[in-house]
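Q: Handing you this structure, nothing more for now.
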Amino acid sequence: ASTLKDAASPLYFGAALGVGHLTNASDPTFAKLAKQQFSAATPENEMKWGVVNPEAGVYEFADADTIVAFTKKNNMKLRCHNLVWHSQLSPYVTALPLNKVKAAMLQHIKDVVEHFAGDCYAWDVINEPFNDDGTYRDDVFYQAMGEDYFEIALKQVRAYDSHAKLYINDYNIEGGNAKSDAMLALAKKLYKKGLLDGIGFESHFILNELPGDIAENMERFTKVGLDIAVTELDIRYNLPETATTDSQQATQYASVVNACQSVKRCVGITVWGITDLYSWIPQTFTGQGAALLWDDDYKKKPAYKAVINAF
Ligand code: XIL
Numbered sequence: 004a005s006t007l008k009d010a011a012s013p014l015y016f017g018a019a020l021g022v023g024h025l026t027n028a029s030d031p032t033f034a035k036l037a038k039q040q041f042s043a044a045t046p047e048n049e050m051k052w053g054v055v056n057p058e059a060g061v062y063e064f065a066d067a068d069t070i071v072a073f074t075k076k077n078n079m080k081l082r083c084h085n086l087v088w089h090s091q092l093s094p095y096v097t098a099l100p101l102n103k104v105k106a107a108m109l110q111h112i113k114d115v116v117e118h119f120a121g122d123c124y125a126w127d128v129i130n131e132p133f134n135d136d137g138t139y140r141d142d143v144f145y146q147a148m149g150e151d152y153f154e155i156a157l158k159q160v161r162a163y164d165s166h167a168k169l170y171i172n173d174y175n176i177e178g179g180n181a182k183s184d185a186m187l188a189l190a191k192k193l194y195k196k197g198l199l200d201g202i203g204f205e206s207h208f209i210l211n212e213l214p215g216d217i218a219e220n221m222e223r224f225t226k227v228g229l230d231i232a233v234t235e236l237d238i239r240y241n242l243p244e245t246a247t248t249d250s251q252q253a254t255q256y257a258s259v260v261n262a263c264q265s266v267k268r269c270v271g272i273t274v275w276g277i278t279d280l281y282s283w284i285p286q287t288f289t290g291q292g293a294a295l296l297w298d299d300d301y302k303k304k305p306a307y308k309a310v311i312n313a314f
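What follows is the structure, encoded as structure tokens:
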């Protein structure tokens with residue numbers, strides 16, 4: 004195969020897309036690669052609560068709509084991201100008295116899910132709900148509703164979009180550990196109630212520190228009846244990029260592809276960006292980078308070919 008999407012088919016291969024890059028006339032390469040190489044997309048920020056619903060009753064869908072239109076035009080699956088998350092949340096929500104948070108969450112979900120209804124292959128309904136020790140993150144939703152917020156949110160999404168697959172998405176659940184154990188226990192309960200379809204393994208990995216049991220861990224989720232998706236893959240490390248890091252990274256990208264391929268209900272892989280130039284890593288993890296498949300100059304890195312060959 005000569006593209007990621009052809010290599011991955013019948014699985015999808017997606018990328019996170021930022022609207023600023025997608026529509027930047029002075030960088031046509033970004034949009035060109037997005038449509039040539041990928042069969043799925045996730046808006047990198049454009050559907051987040053703080054972006055689409057900055058104030059109570061105020062909705063700004065234009066940037067998300069641009070990405071949705073791009074995916075339709077180019078026959079790409081759309082992973083909608085996300086509805087309930089402690090981060091990039093509007094200040095009006097955190098300022099609410101706790102007894103008003105449930106109503107605000109229900110309203111937000113109704114308005115956003117209705118707007119995109121029919122367009123989303125999947126919704127990341129709840130994002131990053133666990134601490135690394137497997138306890139629930141003590142965010143405003145948990146404080147207001149306790150464990151019930153999962154069910155309340157998922158039911159509301161189903162009510163306004165009967166087609167989207169409903170996911171919970173998190174990081175550090177790619178291998179067996181306290182956090183993935185807790186996610187599995189929650190997922191079983193929600194699956195039995197018919198409210199959950201899949202689990203997203205973000206997969207923001209560190210070079211040479213990938214869990215060795217990704218496939219086995221995926222299996223225990225799919226055994227329940229759930230789909231699994233790799234939703235935000237990147238493999239970062241302390242710069243500089245060298246021939247050694249390039250080749251280690253290539254092997255490790257291939258191992259993630261192999262894990263997904265070996266698990267029947269692993270439906271696809273999404274990388275968290277196209278080029279290292281725009282990756283979220285350097286701004287978030289000081290000194291780190293080079294985590295994606297294309298370098299700062301849009302040169303394909305060894306990991307690109309390794310991914311194609313691994314399928
Ligand atoms: C990141 C984006 O890539 C950045 O542009 C933004 O500044 C912060 O969020 N987990 C998630 C994603 O679920 O939404 C995050 O995306 C990365 C971590």
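Going by mature numbering (1 follows the signal peptide of the UniProt record, and there is no 0), the residue at position 173 of the sequence shown is 176; the numbering climbs one at a time, nothing skipped.
A virtual CB, placed ideally from N, CA and C, is assigned to each residue, including glycine.
1) Is DSSP giving ARG223 helix, strand or coil here?
2) At a cut-off of 7 Å, is TRP52 close to the ligand NAP when judged by its beta-carbon and the heavy atoms of the ligand?
3) What does DSSP give as the partner residue(s) for GLN291 in the beta ladder?
4) Closest to TRP88 by C-alpha separation, out of ASN172, ALA10, ASP200, ILE284, would be which residue?
5) Does LEU157 come within less than 8 Å of chain C when only Cβ atoms are used?
6) Nearest to VAL208 by CA position, among LEU189, ARG161, GLN291, is which residue?
7) Select from ASP30, ALA185, SER42, GLY23 the residue whose C-alpha is nearest the C-alpha of GLY271.
8) Nearer than 7 Å: is that true of the beta carbon of TRP283 relative to any heavy atom of the ligand XIL?
9) Cα-Cα, which of ASN77, ARG223, LEU210 is closest to HIS253?
10) From the DSSP output, in three-state form, read off GLU58 for me.
11) Just to check, is the beta-carbon of GLU131 closer than 7 Å to a non-hydrogen atom of the ligand XIL?
12) Express the C-alpha separation of ALA59 and GLY53 in angstroms, rounding to a whole number.
13) Which residue comes first and which comes last in the alpha helix (DSSP H) that contains LEU81?
14) What residues in its chain sit with their C-beta under 8 Å from that of ASP299, if we drop five residues either side in the sequence?
15) Can you find the residues in the same chain that come closer than 7 Å, C-beta to C-beta, to ASP142, ignoring five residues on each side of it along the sequence?
16) HIS166: buried (16+ other C-beta within 10 angstroms of its C-beta) or exposed?
17) What does DSSP give as the partner residues of HIS207 in its beta bridges?
18) Are the beta-carbon atoms of ASP135 and LYS168 separated by less than 8 Å?
19) With a Cβ-Cβ cutoff of 8 Å, do SER265 and ALA218 count as a contact?
20) From the DSSP output, in three-state form, read off PHE133 for me.
A: Reading from the atomic positions:
1) Note: ARG223 maps to helix in three-state DSSP.
2) Although the ligand NAP was asked about, the structure shown includes only the ligand XIL as ligands.
3) Bridge partners of GLN291: ASN241.
4) Shortest Cα-Cα distance from TRP88 to any of ASN172, ALA10, ASP200, ILE284 involves ASN172.
5) In the structure shown, chain C cannot be found, because there is only a single protein chain.
6) The residue asked about is misnamed: residue 208 is Phe in this sequence, not Val. Restricting attention to LEU189, ARG161, GLN291, the CA atom closest to the CA of PHE208 is found in GLN291.
7) Comparing alpha-carbon positions, the option among ASP30, ALA185, SER42, GLY23 lying closest to GLY271 turns out to be SER42.
8) Yes, Cβ of TRP283 sits closer than 7 Å to a heavy atom of the ligand XIL.
9) According to the sequence as given, residue 253 is Ala; it is not His. Nearest option by C-alpha distance: LEU210.
10) Residue state, collapsed to three classes: strand.
11) Using a cutoff of 7 Å, the CB of GLU131 counts as near the ligand XIL, since one of the ligand's heavy atoms is closer than that.
12) For GLY53 and ALA59, the distance between alpha carbons rounds to 11 Å.
13) Counting along the chain, LEU81 falls outside any alpha helix (DSSP H), though it belongs to the beta strand (DSSP E) covering 80 to 87.
14) The answer, listed in chain order, is THR278, ASP279, LEU280.
15) Correct list, in chain order: HIS89.
16) Its Cβ having fewer than 16 others within 10 Å, HIS166 is exposed.
17) According to DSSP, HIS207 shares a beta bridge with ASP237.
18) No, these two residues do not count as a Cβ contact at 8 Å.
19) Their beta carbons are under 8 Å apart, which means SER265 touches ALA218 by this criterion.
20) Strand at PHE133.
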